[in-house]
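First residue of the sequence shown? That's 15 in our numbering, and the numbers climb one at a time after it.
Where is the CB? At the ideal position from N, CA and C, for every residue including glycine.
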Amino acid sequence: WGIDTGRPDDMLEANDLVLEELEYTIEGYVDRDSTVGRRVTVEKGAEVINSVIRGPAIIGKNARIINSYIGPFTSIYSGVTIENSEIEHSMVLENSVIKDIDGRIQDSLIGRNALVTRSPIKPKTHKLNLGDYSQIGIL
Numbered sequence: 015w016g017i018d019t020g021r022p023d024d025m026l027e028a029n030d031l032v033l034e035e036l037e038y039t040i041e042g043y044v045d046r047d048s049t050v051g052r053r054v055t056v057e058k059g060a061e062v063i064n065s066v067i068r069g070p071a072i073i074g075k076n077a078r079i080i081n082s083y084i085g086p087f088t089s090i091y092s093g094v095t096i097e098n099s100e101i102e103h104s105m106v107l108e109n110s111v112i113k114d115i116d117g118r119i120q121d122s123l124i125g126r127n128a129l130v131t132r133s134p135i136k137p138k139t140h141k142l143n144l145g146d147y148s149q150i151g152i153l
């Protein structure tokens, strides 16, 4: 494809190209309260509970999507849990957790074993650990 995937935006662009070819495949569990659109793959061992998934999107093996929205051009890798949150046009790598986030996460690359959650501690603040050349948009 001629894309240098060394930058997050380039990785998202490559992800878009791969997902364009995705077909509807449900090998995991999708409950009756969930809506799964066309060009969505739910891999073996994955669970989708009371959620909406709009394709193209892929939910990896043993991932759990609970009370959440997964929008187009989103790849959820194996072992990821997303609960009470919304995300689209993003990649969430292995074993990460996104929970109880207000607002939609968009155009994002979330690495392996990351935890993204709303803190119950007052006062409400943003606590960030960002590497060199990081970019973040805050609501």
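Range of the contiguous beta strand (DSSP E) that encloses residue i
i      : result
Val54  : Val54 to Val56
Ser89  : Thr88 to Ile90
Val62  : Glu61 to Ile63
Arg166 : Absent from the structure is residue 166, since the part of the chain shown begins at 15 and ends at 153.
Glu97  : Thr95 to Glu97
Ile73  : Ala71 to Ile73
Helix, strand or coil at residue i [DSSP, three-state]
i      : result
Ala28  : helix
Leu142 : coil
Ile152 : coil
Glu34  : helix
Trp15  : The predicted position of Trp15 is uncertain, since its pLDDT is 44 and thus under 50; no value can be drawn from it.
Distance between beta carbons of residue j and residue i, contact taken as under 8 Å
i      : j      : result
Ser65  : Ser82  : 5 Å
Thr131 : Val106 : About 13 Å; that fails the 8 Å criterion.
Tyr43  : Glu61  : 5 Å
Pick from the options that is closest to residue i, judged by C-alpha positions
i      : options                          : result
Thr88  : Arg126, Pro70 and Ser148         : Pro70
Asp121 : His140, Ile152, Leu142 and Gly51 : Ile152
Ser133 : Leu33, Leu123 and Asp114         : Asp114
Thr39  : Thr95, Ile72 and Asp45           : Ile72
Arg78  : Met105, Ile67 and Ile96          : Ile96
Ile80  : Pro86, Asp47, Lys58 and Val54    : Asp47
Checklist entry - Going along the chain, which unbroken runs of the beta strand (DSSP E) with 3 or more residues stay wholly within the region 101 to 127? => result 111 to 113 and 118 to 120
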